[in-house]
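Below: one structure, written as structure tokens.
2 protein chains.
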Amino acid sequence: MTESYPIAEVVARTGLTAHTLRYYERAGLIEPPAREWNGHRRYTEVDLGMITTLTKLRATGMPIEGMRRYAALCRQGPGNEAERRALLLEHREQVLSRLDQLQADLAVVDRKIEMYAPVTGSEADSGRMENLCSGVQSRQPFVA
Amino acid sequence: MTESYPIAEVVARTGLTAHTLRYYERAGLIEPPAREWNGHRRYTEVDLGMITTLTKLRATGMPIEGMRRYAALCRQGPGNEAERRALLLEHREQVLSRLDQLQADLAVVDRKIEMYAPVTGSEADSGRMENLCSGVQSRQPFVA
DNA sequence: CTTCATCTTCGAGCGCGCTCTAAGTCAACC
DNA sequence: GGTTGACTTAGAGCGCGCTCGAAGATGAAG
Chain X
100 MTESYPIAEV VARTGLTAHT LRYYERAGLI EPPAREWNGH RRYTEVDLGM ITTLTKLRAT
160 GMPIEGMRRY AALCRQGPGN EAERRALLLE HREQVLSRLD QLQADLAVVD RKIEMYAPVT
220 GSEADSGRME NLCSGVQSRQ PFVA
Chain V
100 MTESYPIAEV VARTGLTAHT LRYYERAGLI EPPAREWNGH RRYTEVDLGM ITTLTKLRAT
160 GMPIEGMRRY AALCRQGPGN EAERRALLLE HREQVLSRLD QLQADLAVVD RKIEMYAPVT
220 GSEADSGRME NLCSGVQSRQ PFVA
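Right under this line is the structure:
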């Protein structure tokens, strides 16, 4: 009665490849799904949900080992919600600090970009006074 | 007259290892620096600046090949500022979209965390009505 | 019956970005 | 003189996360 899907469907829905799905299974990230009589995998909606969650963790940079731990907790069943939550919270903190660092580093790149900015006459026609360098101080675009 | 620094100093200032610095040099990311009579590298302040810039590009996820291209433009000298700027701008766009994606994915993780949240009695004592599940709909913490 | 498509397993291979090893040179210190 | 420590080189190795190849089973279509 409950719906189940062949691997091709999971590929279509998750964006993972069949190879990667099988790799995740080998790696202990996802439950070995049920099989058809011919050996073909049948993924349930629950499997799908787990896989989707895992891809989010992966997309936010969680290493395989962390995903494995989280998956193990889920497989254990009810009773360890605090642990699952702690794991996710710690990951979240790491992602947030990566985001902060990333934005800081990007800001430096932005300044570099400004240095290279064409000398746009902010009023009237451009091309006048080509090397005035008055807007931004410390313009030294020729070294890096 | 101009200051110059041994590799250890560059290590201390940039956080890169000596191995990595030499690797970057081999990879064409940084100019082979001047040498002392005994063969030891002497990095100039200009070198330092370039290296620092490159680390920012790296930190924001630019692959080695992109850094190599940027470095090559810088080494070419004046006249290609537009190209350098274009390269950095494209990188910037990529970083921004990665940031967006990252935040979106993190938001999903956040929802997961909320699902696992301990049932904090938002008023009075906690522990009452343990499985009411009224605050957040679609609470199904036992599957993933 | 042949071909094509979809799946299976097992295990090897790869791309990236370092990271490390081994062997050598030189200067300084005890 | 011997040892320590900072540097040099060329090249091998590694960790991660896939990614792919080869060979085989099964089912449907022509």
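Just so you know, the protein sequences line up as chains X and V, in that order.
In short: position in the first sequence from 1, add 99, done, that's the working numbering.
In short: position in the second sequence from 1, add 99, done, that's the working numbering.
Built from N, CA and C at the ideal position, the CB exists for glycine as well.
Please read these numbers as outputs of a predicted model, since none were measured by experiment.
- Not a single CB atom of chain X sits nearer than 9 Å to the CB of Tyr142 of chain V.
- Within its own chain, no residue has a Cβ closer than 8 Å to the Cβ of Val208 of chain X once the five positions on either side in sequence are excluded.
- CA-CA distance, Arg121 of chain V to Leu153 of chain X, rounds to 38 Å.
- Residue contact with chain X for Thr159 of chain V: present (Cβ-Cβ distance below 9 Å to some residue of chain X).
- Of the residues V:Glu182, V:Thr159, V:Gln200 and V:Ile129, the one whose Cα lies closest to the Cα of Arg167 of chain V is V:Ile129.
- Within the stretch 111 to 129 of chain X, not one residue has a Cβ closer than 8 Å to any Cβ of chain V.
- Residue ranges of uninterrupted alpha helix (DSSP H) with 4 or more members, entirely inside the stretch 110 to 147 of chain V and ordered along the chain, are 117 to 125.
- Here Tyr104 of chain X carries a strand assignment [DSSP, helix/strand/coil].
- Straight-line spacing of the CA atoms in Ile150 of chain V and Thr101 of chain V works out to 18 Å.
- In the structure shown, Tyr169 of chain V adopts helical secondary structure according to DSSP, grouped into three states.
- With distances taken between CA atoms, Val218 of chain X lies nearest to V:Glu180 out of V:Glu180, V:Gly114, V:Ile212 and V:His139.
- Against chain X, a Cβ distance below 7 Å from Val207 of chain V picks out Lys155.
- The C-alpha of Arg197 of chain X is placed about 46 Å away from the C-alpha of Asn137 of chain X.
- For the pair Val110 of chain V and Pro131 of chain V, the Cα-to-Cα distance works out to about 16 Å.
- Non-local beta-carbon contacts of Arg210 of chain V in its own chain, meaning distances under 6 Å to residues more than five positions away in sequence, are absent.
- Taking every protein chain shown into account, the CB of Ala170 of chain V has 16 or more other CB atoms within 10 angstroms, so this residue is buried.
- DSSP, read as helix, strand or coil, puts Val218 of chain X in coil.
- At a cut-off of 9 Å, the C-beta of His190 of chain X has a neighbouring C-beta in chain V.
- Taking 9 Å as the threshold, the shortest C-beta distance from Asp199 of chain V to chain X does not fall below it.
- Not a single C-beta of chain V is nearer than 9 Å to the C-beta of Val109 of chain X.
- In this structure, Arg140 of chain V and Ile163 of chain V do not form a Cβ contact; the two beta carbons are roughly 20 Å apart against a cut-off of 8 Å.
- When rounded, the separation of the alpha-carbon atoms in Tyr142 of chain X and Ala133 of chain X is 7 Å.
- Flagged as an interface residue toward chain X: Arg183 of chain V, by a C-beta distance shorter than 9 Å.
- Pairing Asp204 of chain V with Ala158 of chain X gives a Cβ-Cβ distance under 9 Å.
- CA-to-CA, the gap between Leu172 of chain X and Cys173 of chain V works out to about 51 Å.
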